[in-house]
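Residue numbers (UniProt numbering): 1 to 99.
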């Protein structure tokens with residue numbers, strides 16, 4: 001299954017509605033992580049941008065997932081790029097310890 005990186009731009013200021021949606025949004029992201037639909041979820045330290053690595057059949061399927069994010073209506077921009085290579089330490093087999 002192809003892997004995509006989704007770059008999101010967050011609003012400059014977070015109003016009360018946005019803040020109230022964060023717990024629901026995090027619960028949804030955690031569900032997608034558990035289902036291995038989302039591989040990586042990251043927000044920049046200045047809280048202006050985010051990156052989500054998503055497994056999906058195509059960009060339209062990934063867009064459909066992103067549109068389910070509780071915070072989606074508040075996002076200032078979304079870019080979806082299919083990855084040619086996605087490698088991480090998390091996707092490798094654990095090191096064997098011969099204790």
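A virtual CB, placed ideally from N, CA and C, is assigned to each residue, including glycine.
Closer than 8 Å: residue i CB and nearest the ligand ZN heavy atom
i: residue 89; result: As far as ligands go, the structure on display features none, and thus does not contain the ligand ZN.
Own chain, CB closer than 8 Å to residue i, minus 5 neighbours either side, in chain order
i: residue 75; result: 8, 9, 10, 11 and 69
i: residue 18; result: 11, 71 and 74
i: residue 28; result: 68, 69 and 70
Identified DSSP bridge partners for residue i
i: residue 7; result: 51 and 79
Cut-off 7 Å between Cβ atoms - residues of its own chain near residue i, not counting five sequence neighbours on either side
i: residue 84; result: none
Cα-Cα separation between residue i and residue j, rounded to whole angstroms
i: residue 5; j: residue 97; result: 33 Å
i: residue 80; j: residue 56; result: 11 Å
i: residue 64; j: residue 15; result: 25 Å
i: residue 21; j: residue 35; result: 21 Å
i: residue 45; j: residue 13; result: 14 Å
Residues of its chain near residue i, where Cβ-Cβ distance is below 6 Å and the 5 sequence neighbours each way are ignored
i: residue 42; result: 51
i: residue 32; result: 38
i: residue 24; result: 70
Selected residue, minimal CA-CA separation from residue i, among the options
i: residue 48; options: 40, 63, 1 and 78; result: 78
i: residue 87; options: 53, 65 and 13; result: 53
Ranges of the alpha helix (DSSP H) found wholly within the stretch 24-68, counting only runs of at least 4: 59-66
Runs of beta strand (DSSP E) wholly within the stretch 70-97 (minimum 3 residues, chain order): 77-82
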